[in-house]
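Undergrad: Line by line, the protein sequences give chains A and B. My numbering puts the first sequence at residues 88 to 221. My numbering puts the second sequence at residues 646 to 1038. From the three backbone atoms N, C-alpha and C, an ideal C-beta is built for every residue, glycine too.
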Amino acid sequence: MSYDNPLPVIDQDSAPYWEAARQGRLDIPLCADCGKHHFYPRTVCPHCFSDKLSFDTVSGRGTVHSFTISRRPAGPGFADEVPYVVALIDLQEGPRMMSRIETDDVESVQIGSSVEVIFVRATDEVTFPYFKLT
Amino acid sequence: MKNGRDPVIVGLADSALEGGRFVKQASVLGHCALVANEALKEAGLSMKDVDGLLTAGMWGVPGPGQLNTVTLGEYLGIMPMFVDGTNIGGSAFEAHVAHAAMALREGYCEVALIVYGSDQKSLRSRTLGGRPSVLNMQHETPYGMLTPVGGYAMAARRHMHEYGTKSEHLAEIAVAARKWAQLNPAATRQDDMSIDDVMDSMMISDPLHLLDCCLVTDGAGAIVMTTAERAKDLKTTPVSVKGYGESHSHWAISEMPDLAHLLPAAKAAKRAMEMAGVKHSDIDVTQIYDSFTITVLLSLEALGFCKPGEGGAFVSDGRIAPGGEFALNTSGGGLSALHPGMFGMFLLIEATRQLRGDCGARQVKGAETALVHGTGGTLSSGATVILQKGLQA
């Protein structure tokens, strides 16, 4: 089955992140100088501007910082999925990332809800880290 | 006059629309040229006088729009010696006023032309699918958020969570804009609209409804700036640029430092007001970018017109509608007058018209000082300009 929605154009900065997701891990950069994680992956730490970064496997747990329920699709490929929840997740380790919350009841999502990562395969190359309510 | 090189707005023009579409048949560059000529002409200037060219836009990309000042300069047939293609979204033109002001003060140019045009309505080119999934957007676009409304929806929900702001508060902003639009013969939407109409309109990206969103129209506008010394000999009522500021924080909504507070707007406004030496109580008329209703509420708080969390109460009970105590977005704004993609140009035009006293039924009596604040991207950038009527001592 073909995948009709936008796929990430993976680059040198993000390749380890997407490869880890393909293997079922959430790996994000960790700075050896300031000890903070960041997202999305960069070559220089946005907290302290150090380049001593490596990818670290994180818990995949977090909370919903905010979200929107898309009642209209963002392009024809999403039409079968409306309504769906796009959320900002605050990971336990600190960084915030956008993702989807998979749920049968879009009204059940709240700011502050606890969530956990799940991995949803799109193509051979791309697996998305989505989240589910816990 | 303190300094003969103080920056002054001396010309403006915008294109006629019917049903949100250009009345005249021309390309987007053609419309830019027509409004440029008109803005120069009302001041008693011509294209030959222009040595500063500033523009931002979404036309011709990829292609000639990537070098937008170069392409526009070619079309106009001029060789400017000060150029600025700063594009920080819809607030770009407030930043352009700042940059032109600095160039004029420095003697780097004498007559600066700021131009914008968009034929998005005629082309039907506005899409909600949005941003190619490269670089930072590879981490957002695949998740199917409607752009840009989804990011504004997330900010609205966060503000509701932190402060108890309600959809009815946001609807007040849309209704006030419509009432102003009913006083503006050039406004696109003038039919009656109630708070219930907004609340009952289609939910686009929860919690924002269709009528929380700006219009999608064509539009072109131009502003001409020169020095106070030169302005003395021109035909129009001069409007002085007294202060300015700009900043930006993020493009991806996940990178917004604080979803319920506009930090770039706060920085830009503080600098602009200090430079101008004005307090909030000195502002007679305010033009704030209204891409969505929530944009206005967040901006009012960030600009310091009310405290964080008080925006909902501030806009309630018709306070920002005609006859209310706070004259805001008197053209009808992006919500009801026009919104050709990047609205910041038209905030400046309306503020200048108010200070000239040219606004007819919607004129704010005795308006001497105006605050203009643009927002661009997804609450990404903020740029503020303080304007005052006349050549200021």
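1. DSSP three-state call for B:M692: helix, strand or coil?
2. Keeping to the same chain, check which residues put their C-beta closer than 6 Å to that of A:R109; ignore five residues upstream and five downstream.
3. Mind listing the chain A neighbours of B:A947? Cutoff is C-beta to C-beta under 9 Å, in chain order.
4. Across which residues does DSSP place B:C858 in a beta bridge pair?
5. Between A:A166, A:S89, A:Y127, which has its C-alpha nearest B:M790's C-alpha?
6. With the cut-off set at 8 Å, would you say B:G722 and B:A688 are in Cβ contact?
7. Check each candidate in A:I115, A:D98, A:D100 and name the one with the smallest Cα separation from A:P216.
8. Out of A:V172, A:L220, A:E203, point me to the one whose CA is closest to B:Y788's CA.
9. Please list, in chain order, the chain B residues whose beta carbon lies closer than 7 Å to that of A:R183.
10. Compute the distance between the beta-carbons of B:V756 and B:V695, then report whether it is under 8 Å.
11. Between A:V202 and chain B, is there a C-beta pair that is closer than 8 Å?
12. Distance check for B:P707 and B:L1000, CA to CA, integer angstroms please.
13. So which residues on chain B does A:V96 lean against when the C-beta distance must stay under 7 Å?
14. Please list the terminal residues of the continuous alpha helix (DSSP H) segment that includes B:F959.
15. Chain A partners of B:D863, CB-CB under 8 Å?
16. What does DSSP give as the partner residue(s) for B:H893 in the beta ladder?
17. On the CB-based measure, 16 or more other CB atoms within 10 Å of its CB, does B:G710 come out buried or exposed?
18. Comparing the C-beta of A:I198 with each C-beta of chain B, is any distance below 8 Å?
19. Whole-angstrom Cβ separation of B:P793 and B:T1023, contact assumed at under 8 Å?
20. Under DSSP, the beta strand (DSSP E) around A:I85 begins and ends at which residues?
21. Excluding the five sequence neighbours on either side, which residues of its own chain have a C-beta within less than 6 Å of the C-beta of A:R208, listed in chain order?
22. What's the C-alpha gap between A:H68 and A:S201?
23. Alpha carbon to alpha carbon, what distance is there between B:I1031 and B:A921?
24. Contact between the region 840-847 of chain B and the region 800-820 of chain B is defined here as three or more beta-carbon pairs at a separation below 8 Å; is this criterion met?
25. Figure out for me which residue from A:Q197, A:C118, A:L178, A:M184 has the closest Cα to the Cα of A:C135.
26. Check each residue of the region 844-863 of chain B: if its Cβ is closer than 9 Å to any Cβ of chain A, include it; give the result in chain order.
27. Is there at least one Cβ from chain B nearer than 8 Å to A:V173's Cβ?
28. Is the beta carbon of B:V653 closer than 8 Å to that of B:S885?
29. Using a C-beta to C-beta distance shorter than 8 Å, which residues of chain B count as neighbours of A:R187?
30. Here's the rule: buried if 16 or more other CB atoms are within 10 angstroms of the residue's CB, otherwise exposed. What is A:M185?
31. B:E919 by DSSP, collapsed to three states: which one?
32. Less than 8 Å between the CB atoms is what I'm expecting for B:L758 and B:A867, so what's the real figure, rounded?
33. Which chain A residues are close to B:M799, counting only those with a beta carbon under 7 Å from its beta carbon?
34. Given a limit of 9 Å on CB to CB distance, which residues of the region 88-121 of chain A reach chain B?
35. Just to confirm the assignment: which complete alpha helix (DSSP H) runs, minimum length 4, are found wholly within the region 711-798 of chain B?
TA: On the basis of the coordinates in this document:
1. Here residue 692 of chain B is taken as the residue at index 47 of the second sequence, counted from 1. In the three-state reduction of the DSSP assignment, B:M692 falls in the helix class.
2. Looking up residue 109 of chain A in the first sequence gives position 22. These residues qualify, in order along the chain: T214.
3. As a position in the second sequence, residue 947 of chain B is number 302, starting the count at 1. Per Cβ cutoff of 9 Å: no residues; B:A947 is ~18 Å from chain A at best.
4. Here residue 858 of chain B corresponds to residue number 213 of the second sequence, with the count starting at 1. Per DSSP, B:F937.
5. If you number the second sequence from 1, residue 790 of chain B lands on position 145. Considering only alpha carbons, the answer is A:A166.
6. For the purposes of this step, residue 722 of chain B is taken as residue 77 along the second sequence, with counting starting at 1. For the purposes of this step, residue 688 of chain B is taken as residue 43 along the second sequence, with counting starting at 1. Result no, Cβ atoms of B:G722 and B:A688 do not sit closer than 8 Å.
7. As a first step, residue 216 of chain A is located in the first sequence; it is residue number 129 there, counting from the start. Among A:I115, A:D98, A:D100, the Cα nearest to that of A:P216 is on A:I115.
8. On the second sequence, residue 788 of chain B is found 143 positions in, with the first residue counted as 1. The shortest Cα separation from B:Y788 among A:V172, A:L220, A:E203 belongs to A:V172.
9. Numbered from 1 along the first sequence, position 96 holds the residue referred to as residue 183 of chain A. Neighbours of A:R183 on chain B, chain order: S899.
10. Taking the second sequence and counting its residues from 1, the one referred to as residue 756 of chain B is at position 111. Taking the second sequence and counting its residues from 1, the one referred to as residue 695 of chain B is at position 50. B:V695 sits close to B:V756, with the two beta carbons spaced by under 8 Å.
11. Mapped onto the first sequence, residue 202 of chain A falls at position 115. A:V202 does not count as touching chain B.
12. Position 355 of the second sequence, counting from 1, holds the residue named residue 1000 of chain B. Position 62 of the second sequence, counting from 1, holds the residue named residue 707 of chain B. Those two C-alpha atoms are separated by around 39 Å.
13. Taking the first residue of the first sequence as position 1, residue 96 of chain A is located at position 9. Those are S778, V779, Q783, listed as they occur along chain B.
14. Along the second sequence, read from residue 1 onward, the residue named residue 959 of chain B stands at position 314. Taken as a continuous stretch (DSSP letters only), the alpha helix (DSSP H) holding B:F959 covers 956-960.
15. By one-based count along the second sequence, residue 863 of chain B stands at place 218. The premise fails here: B:D863 is roughly 23 Å from chain A at the closest Cβ pair, so nothing lies under 8 Å.
16. Walking along the second sequence from the start, residue 893 of chain B turns up at place 248. DSSP lists B:S1026 as partners of B:H893.
17. Working through the second sequence from its first residue, we reach residue 710 of chain B at position 65. Buried.
18. Position 111 of the first sequence, counting from 1, holds the residue named residue 198 of chain A. By this cut-off, A:I198 is an interface position.
19. As a working mapping, residue 793 of chain B is identified with position 148 in the second sequence. As a working mapping, residue 1023 of chain B is identified with position 378 in the second sequence. That belief holds up - the Cβ atoms of B:P793 and B:T1023 are roughly 5 Å apart, short of 8 Å.
20. The question about residue 85 of chain A has no answer, for chain A in this structure spans 88 to 221.
21. If you number the first sequence from 1, residue 208 of chain A lands on position 121. Here the set comprises T214.
22. In the structure as shown, chain A begins at 88 and stops at 221. Residue 68 of chain A is therefore absent and cannot be evaluated.
23. Here residue 921 of chain B corresponds to residue number 276 of the second sequence, with the count starting at 1. Here residue 1031 of chain B corresponds to residue number 386 of the second sequence, with the count starting at 1. So the alpha carbons of these two residues sit roughly 7 Å apart.
24. yes
25. Position 48 of the first sequence holds residue 135 of chain A. The shortest C-alpha separation from A:C135 is found at A:C118.
26. M847, M848, I849, S850, D851, P852, L853
27. In the first sequence, residue 173 of chain A corresponds to position 86, counting from 1. At a cut-off of 8 Å between C-beta atoms, A:V173 counts as an interface residue with respect to chain B.
28. The residue you call residue 885 of chain B lines up with position 240 of the second sequence. The residue you call residue 653 of chain B lines up with position 8 of the second sequence. Going by C-beta atoms, B:S885 is nearer than 8 Å to B:V653.
29. Here residue 187 of chain A is taken as the residue at index 100 of the first sequence, counted from 1. What A:R187 touches in chain B: Y788, G789.
30. As a first step, residue 185 of chain A must be located in the first sequence, where it is residue number 98. With a 10 Å radius around the Cβ and a threshold of 16 neighbouring Cβ atoms, A:M185 comes out buried.
31. Against the second sequence, residue 919 of chain B aligns to sequence position 274. Here B:E919 sits in helix by DSSP.
32. As a working note, residue 758 of chain B is residue 113 in the second sequence. As a working note, residue 867 of chain B is residue 222 in the second sequence. The pair is a contact, with the Cβ atoms about 6 Å apart (cut-off 8 Å).
33. As a working mapping, residue 799 of chain B is identified with position 154 in the second sequence. Under the 7 Å cutoff, chain A gives S153, F154, T155, L175.
34. Identification of residues in the region 88-121 of chain A having a C-beta nearer than 9 Å to some C-beta of chain B yields N92, P93, L94, P95, V96, I97, D98, D100, S101, Y104, W105, given in sequence order.
35. 713-721, 737-751, 765-768
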